[in-house]
Every structure is written in C-alpha cells, then in structure tokens.
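J.: Line by line, the protein sequences are chains X and U. For the first sequence, this note's numbering gives the first residue as 1178, with consecutive numbering after it. For the second sequence, this note's numbering gives the first residue as 97, with consecutive numbering after it. C-beta atoms are modelled at their ideal positions from N, C-alpha and C, and glycine is treated no differently. Because the structure is a prediction, the values reported are computed rather than measured.
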Amino acid sequence: MGFKNVVVAVDGSEASQEALNCAIELARQSKCALTGLFIIDGGWPDYIGNDWQSSKGARQGFLDYIRKEQEEQADAARKQFEVASAGMATAFSLLSGDPTEELLKIANAASTDIFVISRRVFQVSGRPSLKSLAKTLALKATRPLLLLP
Amino acid sequence: MNEDAGFFRKLPSALPGLALIVLTMVVIRNWIEPWMSTAVVFGMKGWLVKATHLNYILLGIILGMLYRNVIFGGKMPAVLSDGFKLSRLMIKTGIILLGSLYTVNAIVQLGSMAIILIGGFVILTIIMVLWFGTMLGLDRSMIGVMANALSICGVSAAVATSPAVEAKASHVAYAIATILGFGVLTMFISPFIGHALDLTDLQYGAWIGTGILNSGQVLAAALAFNPNIAPGTAASVAEVWNIMRVISIPFAVFAVTVWYWAGKTELGEGGKRKGLGTLLVEKFPVFVLGFLGMVFLTSMGTFGDVGLKGGPAASDTVKMMRLWMTWIFGFGLVGLGGYIDFKELRQAGGAPLKLGLIVGVTKYVLALVVVFLIKDYLVAI
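(1) Going along chain X, which residues have a C-beta under 9 Å from U:Gln205?
(2) Any chance the CB of U:Thr422 is under 7 Å from a heavy atom of the ligand SAH?
(3) Taking 8 Å as the CB-CB limit, is U:Ala269 close to chain X?
(4) Reducing DSSP to helix, strand and coil, say where U:Met121 ends up.
(5) Can you round the beta-carbon distance between U:Met417 and U:Ser196 to whole angstroms, since I take them to be within the 8 Å contact cut?
(6) Which same chain residues, not among the five before or five after U:Ile187, have their C-beta less than 6 Å away from its C-beta?
(7) Of the choices U:Ala135, U:Arg164, U:Gln299 and U:Met132, whose alpha-carbon is the least far from that of U:Val471?
(8) Please report how far the alpha carbon of X:Leu1322 lies from the alpha carbon of X:Ile1294, in whole angstroms.
(9) Of all the alpha helix (DSSP H) runs that stay within the bounds of the region 199 to 281 of chain U, which reach a length of 4 or more residues?
(10) With three or more C-beta pairs closer than 8 Å as the rule, is the region 115 to 129 of chain U touching the region 391 to 402 of chain U?
(11) Hey, how far is the Cα of U:Thr296 from the Cα of U:Gly169?
(12) Output yes if chain X places a C-beta closer than 8 Å to the C-beta of U:Gln299; else output no.
(13) What number of angstroms, rounded off, separates the C-alpha of U:Asn338 from the C-alpha of U:Leu464?
(14) State the CB to CB distance for the pair U:Phe425 and U:Leu309, rounded to an integer number of angstroms; the pair is presumed to be in contact (CB under 8 Å).
(15) Going by DSSP in three states, U:Ala331 sits in which element: helix, strand or coil?
(16) Let me know if X:Thr1319 comes out buried or exposed under the rule of 16 or more other beta-carbons within 10 Å of its beta-carbon.
(17) Check for me: the alpha helix (DSSP H) holding U:Phe438 runs from which residue to which?
(18) Give the secondary structure of U:Asn324 by DSSP, where H, G and I count as helix, E and B as strand, and everything else as coil.
(19) Quick check: is the beta carbon of U:Ala447 nearer than 8 Å to any beta carbon in chain X?
(20) Quick check on DSSP: helix, strand or coil for X:Ala1186?
(21) Helix, strand or coil: which one does DSSP assign to U:Leu293?
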C-alpha cells in the first residue's frame, strides 16, 4: 500500500521517538511526505475553571507558566522531528487546542493516509484525561491509524 | 491563554450560558425542590429531602455536572462556555456580600478561633505532606504543589504554588484532579455526617471550613447542610474559616518555596526564589479586601441591623441581600458543577492520589475530632 502523506504526533519524548522512527520508515518506503505535529494543550483554563479564589495575577501567571512549558516542549518536539527526518520532504505543524479533539481531526482528515502515534504521547505535558487519548483515537479514527506502545 | 482579558467586552457571548444557569436554578427552586419536599415516597412525605439531604445547592451542582458530563458529552459547548466561566465572578460577588453578615466585633471573635484552628491545620498538613511525599518518593516539585493544595484551598493554592516550585504541568494536573475528586466526595457526604452527628451550624461550619480542601466545595457543603444565610449559619461560619485559609495562601507559598529552594540551593539555584513581599502582592486574593470592606460598612450600620444573636432583628435591606446571596450562590454553584469533569477525575491516580487520600482523609477526620474536643470554646455569633 503506497501512502502520499504519513502523519506522526511528536512531543520530544522517548515514546514519540519510536513512533517517529516508524513513521519515517513508512514514509521512506512509500517515498511520500512526512508531517509531524505537536498540540499545545488549550484545555488548561477550563481545567482550573473553578479556581475562583485565586487573584487574577496568580491565575493568569499560572496559565502563562504552563504555556511557556508547553512551548518549550513544542521546540523539543520540532527539534526531535527535524533531526530524525533530516534529508526528507517534511512539514511540521504546531496546533493549539484540546489535544484529543485536534488529533481526532487529523486522524479523520482526508489528507492523512496513515496517522502514526504512540499511546504514551502527550502524557508528559497533559491533563489526566489525555491518558485515554489513544483509546479515543482507536475508537473514533476513520483513517488508517498505527498505534505504538 | 489570556482568557480573562477583555472578559466584560465578551459579556454578550456569556448570555446563553448564564441563561441556562439561571433557568436551571429557577426550575430547581420553584418546582423541583418544592416537589421533593412534598412528594410521598415509601409512605413518607418529604422522604426525598429527609433521606438524601438534597437541597437547591446540591441539586444545582448535580445538574451542572450532568450538563457537562452526560448531556454535552464531557465538554461544555462553546456557546455556553463563557457563561459558565462567569460563575467564578458570581461566587466571588457572593462571598463579598457575605461580609454583610458580620460586624467587626463578630469577625474578630469568630476569626480569632478560625486563625488558631486554620493556622494549626495548615502547618500540620504541610509537614504531613512533606514527610509522606518524601516517603512515597514523589518529585520535590510535586510535593510542594500537593503541600499547599492539601493544606490551604485546593486548586487556588496549587495554581499559586506551581510556578514557584517549578512544577511540571502534569504535576499540577494530577494534584488538581486528586483534590477535586476528594472534594466532590466530601461535598456530598459531609451534610450526611453533619446531620447524623447532630452537629450545630457552628461546629459543622468549623469542621468543613477546616477539613474540606477546596473553597467552592466548602461553600457548597455548608449550604447543603443549611441553605439559610444569616449570622451563625453553617455558610457564615465556614466562609470565615475559608477566608482565613485563603489569606494564608501567600504565606504558605512562601514557606513551601523556601523548603523547595533550600534543596536546590545546594545546586546553586536558590536565587530564583521570590520574597514574601512580592508573593503578597502577586498572590493575595483581592476579593478578600471586598469582603472586609463589606464587614466595615456593616459595622458602620450602612445596611441596618444584621440580626446578631441577642440583638435586634435584621433590617429589610439585610434580608433582601441575604435572599440575593442564596440566588447568587445557587447560580455560581451550578457553574461549579459544570466544571467538574468526570473524565479528568477518573484518570487521576498513582502516588499523588495516594498522598492526597492519606493526608486528605486524615485532615478531614482530625478536623472533626478537634471540633468535638473544642466545642465548648466555639462561640456562636
């Protein structure tokens, strides 16, 4: 089966490195484009939503702090992707929003021939519900999906 | 993520969510609650209220949770989201208005008891978390976040502490899930325990004000025990205790930060620690000043008599303000329910959950024991 576009989720972790290696192999075999992506979790304001006792400075200070940490992770993910895929035709997308929703959109997009993802991806930066990210994708993805441990 | 910027400019977008919140509370108070108190179940009139202790507050929270987790499949639709966010502002406004229940003398009397109990429990809980957390082999940042989250007021303290102790997002996320999960449980079981032990409003307010971790849940548990708002009711007592805890946030953040960076100093990084003055400016919850301003206005007689024990009856203005408060809190707590995400709570686990449960249950039970031991020293206002 020849692919035109292999998409892989990366977060700079060891788990995503394994998925990335697998995606690179698939893209090389099919001589096709490789797209890496990272999602900045936009669910934090909602997650701390009932934090009504904090001063505004503490609340916004925390959101800025979390944003900074995630931007650093995005940089690490981009670097991991660029180093591993050097010499290939690639693109890297940095998205923002709810990781589960955004990844599901990618997994269902017509332009995605196969979506490669580790079930442990985004755990380092994520909220507890992201533990079920892989399960949700497995149940709801309509395009081919390759789930790695 | 500057979600608060220009919020009032976005007020029109909050209207659908607000309309749902208001409609929910109107239906609960005008139809559901009266029906529950008159319905005959198991041959007993009002069994639903007597057996479940459900009142408009708990029903509001339950419906809020149902909206998010059942009806809308785990996430508030964008059209309702801004309205539910406004619930924070409603509860803050309600707390400021609660200042009208107290004169300066009453707040000093009640507050001095609260300072002793809260101060003791904050220090004890921090020590317990530092000890247990180290024993469980948790990351130092995680212990710092959990120490303040479990000792002061849950999410607010976790949020205020995390940048100071370099906590990772995942640390904060698991600390919040643990605290909220524990809080939801205590919010629903505390009224049962309170009624079963025949606690007075003062004893119950002091207990939950000390033992429940999250401020919103303290308020909900107090109103679930006694929905009335007047001097000496559970809500009025618990909120004084709660205000004392909230005031201690900058001090506890400072103490935990000192502990955290003391370990880091060996690595030559101690210079990143912030001073107490900076923390007081950055972390002090400004609405507490609004509450104290209200106490001052009440003491000046601005709203007439407040109806303290043994004094003249409350003025019509004060009575009307109390009626508003029941509605404002009702609206705010429907919003609070709408922010309880079962998906997040279900996934909490591991060492943070273990630590949270050990310390949370210990604090909850110990607070009840202490309130029993000092009940003769608790003075009603």
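T.: To lay it out plainly:
(1) Within 9 Å Cβ-Cβ: nothing; U:Gln205 doesn't reach chain X, min ~24 Å.
(2) In terms of ligand content, the structure shown is empty, and the ligand SAH therefore cannot be addressed.
(3) yes
(4) helix
(5) 5 Å
(6) Gly428
(7) The sequence given here has Lys at residue 471 of chain U, not Val. Checking every option, the nearest Cα to that of U:Lys471 belongs to U:Gln299.
(8) 8 Å
(9) 200 to 231, 236 to 247 and 250 to 257
(10) no
(11) 40 Å
(12) no
(13) 16 Å
(14) About 19 Å separates the two Cβ atoms, so there is no contact after all.
(15) helix
(16) exposed
(17) Phe438 to Gln443
(18) coil
(19) no
(20) strand
(21) coil
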